[in-house]
Every structure is written in C-alpha cells, then in structure tokens.
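Numbering (UniProt numbering), first residue to last: 1 to 361.
All C-beta atoms, glycine included, are put in the ideal place defined by N, C-alpha and C.
Because the structure is a prediction, the values reported are computed rather than measured.
Everything below concerns the one structure shown next.
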C-alpha cells in the first residue's frame, strides 16, 4: 500500500475534501498511473450529485492522462514510463460484446467497492467511481483502460481524449453512422457537443447545425465545424428545418436533460435517427410517439463512449490532432489544481466551460 492524496467525496452533493488515501499495488493485468491531467466531465458531476447511484466515500474522475509507474503481472504492450490516456472503458475481452467489437458495453461486471484498489487509512473501502478514481495523484486500473500515446502530445490535451473527445467524435463517426452528404443536428455545444460537431465534419456531413441556449457556445460551435447555429429558445426544430430544407438524418443529443430528448424527434427527417449521448440522472424519463416514429422509419440508438475501441481509436485521434484536423487545445477553458476541485466543478456547473482540467503537476 502507498499513501496518495485524492479528492474524496464523503457526502453526495457536498464539497469534496483533499485527503490521504491508501492505494494498493497493481495486481494481475493492472496498471498504476501517476496522473498529470484530469478533465472534469459532467458524468463526474452527476455521480457526485448522487444522480447515477453509487455510494460514498468515493473518488470520482475518469478523463485522465499520465505516466505508468508500475505494472502487474500479465500486462502486455505497456511499460513503466509510458505516457498514456486512461479511460473508464474496462473491457474483459472475452464476453459477447467485447468479442463483437463493442468493448464500451462489456458484459463482465465490475464492483467499484469490492474490487476498488482505494481505501481509507483505517481500511474502509473507497468506491473507485467508473472503475477509475482519477481525482487523485495516482490510480490503478485494468490494462484494457490504458492506451499509450506519444511523448509529444501535451497531457492536458491528451486527458480530453479519454472521454469527451472519444464520446463526441465516436458518437458521430460510429454510433450515428453518418455518411457523406448527411445533414446533422447536434443539440448542446458543450465539451461533448463540440466534439460531436468535429466528428460530423470528419464523417463528411453536408450541413451541421448546432443548437444551444448560450450564444457564446453557438459561436464556439462554428469554430469547431458547425455550418449553421440555432438558438434553443422556442421551437428550434422549425428553424433547423428551414436551414436544411428538410429534417436531419441524425440528431445527436449531447446534453443530459430529459426534456431535450422529448423534443429530439421533431428535428428528424424520414428515416432519420436520434443518437443518445448525454445522460440525464437515472430518475428522469422521456416520451415520444412510437406510431409517428415507426411510420417515418425513424430510430433511437444509444451511444456509450462513442462506441469506440480505445486501442484503435485513441491513436487515430491523436494522429488527427497532430495533423491539425482535430481540435483539442481549444477545448480547454481553464486549468486548476487538485486543491481547487470544488471551484472547478462550480465553474463547470455555471455552464460556460468547454472543459476544465485539473493539472496534477
């Protein structure tokens, strides 16, 4: 066991405290990573608020980058000193979903308390939220969650790839099945939404319409590839259809708000599809007309972490960044220290930030 500092949640929706916790050594198939940058995702906030379940004490954080400091037995393709992205995608590699190329929905369960490598000094288990626990100096995770990256990529930019970028770009490229010439609507121009816009551009969409309430976010959407922007006030689907001349082939909902899902079918063309990216709290529900959607040949599909395969897609996205074809640096709103975790979360909740990044070094 080693002692590290972590942002510990002892009560949902209450300020986290920086405390000493115990981190065990990596076991079979596990990797220890000393963290250098961790971005704040809205999923971290939803867990902290108690909206996604779980228990306390807990360490949140999952959008991370750092360097490997120790390896358990049976780890292949990684070595001590490697710079890495660390994701929440813990994949067994042998269930039906993993074997079908869908590791983001691996069927093998992970008990975030019983299997957690984190504990309090008195031995009390600490929940390793999302199999990660990255709001800390170090983390121990399964090797499937770790992807080596070049030394040349800045750690703050790399951390964004681990969730927000793969989620948004992957939702557009993979889950949406956007084809060249398709018309796309992205609802929400926050961190994930901007990446969905980038993904739609990469996939060859004809028109990409961003919808948001905040004028500054709509301006940012243009920077990331939106061809048109529409305010979410009133009945935005009417203006979107005027812009496109029809409905959209794909509507990506990147905000975690159930009422937005209620409205999403209104944007669709016949044969179009809604892609569920943003995740409302577990007690929230949405409704739609099965008759209307079935008659129009429309569909709804879930997208978890962009349906990516991290060992394949993170190197691809790093290369796109290095070519100047994928924006990462422009996603960073501000950099904070671990001691400022509560202020960084408050700033994220204020709604203006693209991505706030906790710098560990």
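Top-ranked residue by Cα proximity to residue i, from the options
i	options	result
residue 68	149, 107, 118	149
residue 187	309, 338, 230	230
residue 288	260, 310, 185, 241	260
residue 183	228, 215, 357	228
residue 93	309, 340, 352, 315	309
residue 319	151, 61, 125, 172	151
residue 335	22, 355, 213, 107	355
residue 275	61, 34, 128, 170	170
residue 361	135, 21, 267, 3	135
residue 21	107, 106, 137	137
residue 166	316, 342, 215, 12	316
residue 54	11, 16, 27, 76	11
residue 74	116, 31, 107	31
residue 314	130, 147, 4, 17	147
residue 17	25, 28, 56, 33	56
residue 282	253, 52, 203	52
Cβ shell of residue i (< 6 Å), same chain only, five flanking positions each side left out
i	result
residue 279	256
residue 236	211, 230
residue 299	273
For residue j and residue i, believed in contact at Cβ under 8 Å, the rounded distance
i	j	result
residue 160	residue 326	That pair is no contact at about 10 Å.
residue 302	residue 272	About 16 Å; that fails the 8 Å criterion.
residue 221	residue 264	No, residue 221 and residue 264 are not in contact; Cβ-Cβ is about 17 Å, not under 8 Å.
residue 41	residue 65	About 14 Å separates the two Cβ atoms, so there is no contact after all.
residue 194	residue 132	Contact doesn't hold; Cβ gap of about 23 Å is too wide.
residue 346	residue 358	At roughly 13 Å, the Cβ-Cβ gap does not stay under 8 Å, so residue 346 and residue 358 are not in contact.
residue 199	residue 173	5 Å
residue 162	residue 63	5 Å
For residue i, the first and last residue of its enclosing alpha helix (DSSP H)
i	result
residue 348	341-349
residue 215	215-223
residue 322	310-322
residue 259	258-263
residue 198	191-203
Cβ neighbours of residue i in the same chain (closer than 7 Å, five flanking residues each side left out)
i	result
residue 104	89, 304, 305, 307, 308
residue 156	37, 332, 335, 357, 359
residue 258	280, 284, 285, 286
Run of the beta strand (DSSP E) containing residue i, from where it starts to where it stops
i	result
residue 333	332-336
residue 93	No beta strand (DSSP E) contains residue 93, which DSSP labels as neither H nor E.
residue 69	63-71
(message) Tell me whether the region 90-103 and the region 69-76 touch, counting them as touching only if at least three CB pairs, one residue from each stretch, are closer than 8 Å.
(response) no
(message) Under 8 Å, with one C-beta from each stretch per pair, do the region 107-122 and the region 167-183 reach the 3-pair mark?
(response) no
(message) Would you call the region 107-116 in contact with the region 41-52, where contact means no fewer than 3 C-beta pairs closer than 8 Å?
(response) no
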